[in-house]
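Trainee: Residues 1 to 463 in this note's numbering are what the sequence shown lists, from first letter to last. Questions regarding the structure given below will be posed in turn.
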Amino acid sequence: MTSAHFDDPRLQDPAMRSKAEKALEKVLWQKAFDAAEAEVAEAFEVTKQLPGITQRLERLESRPAKADVTLHQPKPATVKPTQNVPKMIEIIAGAAVAEIVRRGHQKDPTDTIKEAFPGPKNEMTRTQVATYLKAATSTATTTEPGWASELTANVTGAFWSDLENASIAAALLSRGYARPVDFNGSNSINVPYRDPTAKIPAAWVGENATIPVDQSSFLSVSIQRFKKGLISVVSEELIYSTQGMAGGVIDLVSGLIAQDTGESVDADLLGTDPGVAGVRPAGLMNGAPTQASAGATVDNVLADLAWLRSQMSLIRAQRPVLVLHPDRLTSLRHMISDGVFPFRADIDGGTLGGLPFIESRNSAPDAVTVIDGNRVYLDLGVPTFAIRDGATLVMADDDGVAPTMADTNAVTSAGSIKISDAAGAGATVKNLFQQYSVGIRLVQPMTWQSVGIATAQIQGAAW
Numbered sequence: 001m002t003s004a005h006f007d008d009p010r011l012q013d014p015a016m017r018s019k020a021e022k023a024l025e026k027v028l029w030q031k032a033f034d035a036a037e038a039e040v041a042e043a044f045e046v047t048k049q050l051p052g053i054t055q056r057l058e059r060l061e062s063r064p065a066k067a068d069v070t071l072h073q074p075k076p077a078t079v080k081p082t083q084n085v086p087k088m089i090e091i092i093a094g095a096a097v098a099e100i101v102r103r104g105h106q107k108d109p110t111d112t113i114k115e116a117f118p119g120p121k122n123e124m125t126r127t128q129v130a131t132y133l134k135a136a137t138s139t140a141t142t143t144e145p146g147w148a149s150e151l152t153a154n155v156t157g158a159f160w161s162d163l164e165n166a167s168i169a170a171a172l173l174s175r176g177y178a179r180p181v182d183f184n185g186s187n188s189i190n191v192p193y194r195d196p197t198a199k200i201p202a203a204w205v206g207e208n209a210t211i212p213v214d215q216s217s218f219l220s221v222s223i224q225r226f227k228k229g230l231i232s233v234v235s236e237e238l239i240y241s242t243q244g245m246a247g248g249v250i251d252l253v254s255g256l257i258a259q260d261t262g263e264s265v266d267a268d269l270l271g272t273d274p275g276v277a278g279v280r281p282a283g284l285m286n287g288a289p290t291q292a293s294a295g296a297t298v299d300n301v302l303a304d305l306a307w308l309r310s311q312m313s314l315i316r317a318q319r320p321v322l323v324l325h326p327d328r329l330t331s332l333r334h335m336i337s338d339g340v341f342p343f344r345a346d347i348d349g350g351t352l353g354g355l356p357f358i359e360s361r362n363s364a365p366d367a368v369t370v371i372d373g374n375r376v377y378l379d380l381g382v383p384t385f386a387i388r389d390g391a392t393l394v395m396a397d398d399d400g401v402a403p404t405m406a407d408t409n410a411v412t413s414a415g416s417i418k419i420s421d422a423a424g425a426g427a428t429v430k431n432l433f434q435q436y437s438v439g440i441r442l443v444q445p446m447t448w449q450s451v452g453i454a455t456a457q458i459q460g461a462a463w
């Protein structure tokens, strides 16, 4: 159609325009009807086929299906046994015994360690004993391994933490009452401290006035490192008899360590003996105030505790702690007054008379001691072992019964019996190689020093 047709006047006639529109509408309706008729016919045909389709679906649903399926069940997780926490005292003793048995039986130390610490639960302990044994023997000769000499400060702390229930000294250190000392390789150090009894109140000072100076409040104390030592001689026959009994021997060595670092150390720590220059420190009770117990009633107990607290007040104690025997605590827990137990709740809560306490059988049964840990400097090393089978020894101790060292529990060079003068002192000389024996030397480095008086004690308590 050309543009000329759009110019035809007939298309502009309204009557003609209306007629054209009706004709177009009729054509459109006819086409719509034809399409609907076709859809109805198609739906009818589908409806005729529907029953057959339904039957085929039902047959498929009723037919059993085959499926090859393989289930892979995961393997159960392996549960590792709970490990026993190794103690440093067991590690040291285990390494020492493994070396002793190696000498006597020519037995691989690994086998001795497995025998002493059997089972999956001791795997960690066996590993640490073997590691420690290797470190000890690799830093010394094969004839004289040194046990514990290579331990770090952290391990030293762990060792004494294991012994805090067996040693008053260990409890003072591991529970944070006493002040730890680090010699850092030196044999003596000077420790500065402020005089706890000094009073230096600051003064009010005006403009252009002079501020007062007080130099008397800061002091220093010299602390020297000491050691305790012991040599035990064991026959080779006895070592041979330990075959298959490594665990029992380790218990004996552990007991030796615990006893020497417990009973012996605590007796000296709370003793009254004076210090000996270059040999030992003074006991904390040397020159300390004491008082007889007021008696065994509730009021007497309160009076005794009040006196101990007053002694701590006099020295302005900052970390006071009581030390007493378990028998005293047991008696107090069962003490009754007017139908009540006045001390039981406090004891169960860890205090007595408002003070924390350390319970130890190393305390004298009738003594109750109070210590200001803030005034006590304490250094406790790990005991070191050395094993020799070819040494020559002077067979003399320090018990005061001949033959004996001239000094008791504080052996000086002048009071020692040496090999050259053993015969004159009535002592015998023993060659371990010739007499088929082994010497086990235990050396315990330690020291303590109090800043002035740090303790007070009630004596003769019968609560």
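C-beta: ideal position from N, C-alpha, C; glycine also. The structure presented is a predicted model; accordingly, all values stated were derived computationally and were not measured.
(1) Are Ala-461 and Ser-310 touching if we call contact CB-CB under 7 angstroms?
(2) Between the alpha carbons of Phe-357 and Ala-169, how many angstroms are there, rounded?
(3) By a C-beta neighbour count over all protein chains shown, 10 Å radius and 16 as the cutoff for buried, is Leu-163 buried or exposed?
(4) Helix, strand or coil, according to DSSP, for Thr-330 in the structure here?
(5) Answer with buried or exposed for Thr-139, where buried requires no fewer than 16 other C-beta atoms within 10 angstroms of its C-beta.
(6) Going by C-alpha to C-alpha distance, which of Asp-304, Gly-287, Ala-288 sits closest to Gly-295?
(7) Which residues does DSSP pair with Tyr-193 in a beta bridge?
(8) Under the assumption that Gly-439 contacts Leu-393 (Cβ atoms under 8 angstroms), give the Cβ distance between them as a whole number of angstroms.
(9) Contact between the stretch 399-418 and the stretch 201-217: three or more CB pairs below 8 angstroms?
(10) Please report how far the alpha carbon of Ala-456 lies from the alpha carbon of Leu-173, in whole angstroms.
(11) Quick one: using the 10 Å Cβ neighbour count with 16 as the cut-off for buried, is Val-323 buried or exposed?
(12) Could you give the uninterrupted runs of the beta strand (DSSP E) lying entirely in the stretch 262-309, keeping only those of 3 residues or more?
(13) Who are the Cβ neighbours of Thr-143 in its own chain at under 6 angstroms, not counting the five residues just before and after it?
(14) Quick one, are the C-beta atoms of Arg-441 and Ile-231 less than 7 angstroms apart?
(15) If you draw a straight line from the C-alpha of Gly-52 to the C-alpha of Phe-33, how long is it?
(16) Who are Asp-421's beta bridge partners in DSSP?
(17) Evaluate Pro-81 with the Cβ neighbour count: other Cβ atoms within 10 Å of its Cβ, from every protein chain shown; 16 or more gives buried, anything less gives exposed.
(18) Exposed or buried, what is Trp-448 when buried is set at 16 or more other beta-carbons lying within 10 Å of its beta-carbon?
(19) Sorted by chain position, which residues of the same chain lie with C-beta nearer than 6 angstroms to Pro-120's C-beta, five sequence neighbours on each side aside?
(20) Whole angstroms is fine: what's the gap from Thr-152's alpha carbon to Val-213's?
(21) Quick one: what does DSSP say Leu-432 is sitting in, helix, strand or coil?
(22) With H, G and I counted as helix, E and B as strand and the rest as coil, what does DSSP make of Ile-336?
(23) For Tyr-177, which residues in the same chain have their Cβ closer than 6 angstroms to its Cβ, ignoring the five residues on either side in sequence?
(24) Might you give, ordered along the chain, the residues of its own chain that have their beta carbon closer than 7 angstroms to the beta carbon of Leu-329, omitting 5 neighbours on each side?
(25) Which of helix, strand or coil does DSSP assign to Tyr-377?
(26) Whole angstroms is fine: what's the gap from Phe-343's alpha carbon to Val-368's?
(27) Just confirm the distance between the C-beta atoms of Asn-122 and Asn-165, as a whole number of angstroms; I'd bet it's less than 8 angstroms.
(28) On the three-state DSSP scale, how would you describe Thr-369?
Mentor: In this structure, then:
(1) No. Outside cutoff.
(2) Taking the straight line joining both Cα atoms gives about 13 angstroms.
(3) Looking at its Cβ environment, which holds 16 or more other Cβ atoms inside 10 Å, Leu-163 is buried.
(4) Note: Thr-330 maps to helix in three-state DSSP.
(5) Since pLDDT at Thr-139 reaches only 44, below the 50 mark, its modelled position is unreliable, and the value read off the structure follows with that caveat. So Thr-139 ends up on the exposed side.
(6) Checking every option, the nearest Cα to that of Gly-295 belongs to Asp-304.
(7) The beta-bridge partner set that DSSP reports for Tyr-193 consists of Leu-219.
(8) Right, the Cβ-Cβ distance comes to about 6 angstroms (below 8 angstroms), so this counts as a contact.
(9) As far as the Cβ criterion goes, the stretch 399-418 does not touch the stretch 201-217, which means the pair count is below three.
(10) Roughly 19 angstroms separates the two Cα atoms.
(11) With a 10 Å radius around the Cβ and a threshold of 16 neighbouring Cβ atoms, Val-323 comes out buried.
(12) With a minimum length of 3 residues, the continuous beta strand (DSSP E) runs that stay inside the stretch 262-309 are 290-292.
(13) Its pLDDT being 44, under 50, Thr-143 is placed unreliably by the model, and the measurement read from it follows with that caveat. No residues qualify anywhere along the chain.
(14) Yes, Cβ-Cβ distance for Arg-441 and Ile-231 is below 7 angstroms.
(15) So the alpha carbons of these two residues sit roughly 31 angstroms apart.
(16) Asp-421 is not bridged to any residue.
(17) When all chains shown are included, Pro-81 counts as exposed.
(18) Trp-448 comes out buried.
(19) Excluding positions up to five away in sequence, the list reads Pro-81.
(20) Interpretation of Thr-152 is limited by its pLDDT of 46, a score under 50 that renders its predicted location unreliable; the figure taken from the coordinates is listed afterwards. Answer to the nearest angstrom: the Cα atoms are 43 angstroms apart.
(21) The answer is coil: DSSP assigns Leu-432 none of H, G, I, E or B.
(22) Secondary structure of Ile-336 (DSSP, three-state): coil.
(23) Apart from sequence neighbours up to five positions away, the residues of its chain that approach Tyr-177 with a beta-carbon distance below 6 angstroms are Arg-319, Val-321, Gly-373, ordered along the chain.
(24) Take Leu-329, set aside five residues on each side of it, and the residues of its chain with a beta-carbon closer than 7 angstroms to its own are Ile-347, Glu-359, in chain order.
(25) Residue state, collapsed to three classes: strand.
(26) One C-alpha to the other measures close to 15 angstroms.
(27) Between Asn-122 and Asn-165, the beta carbon gap of about 22 angstroms keeps them out of contact (Cβ cut-off 8 angstroms).
(28) It is a strand residue.
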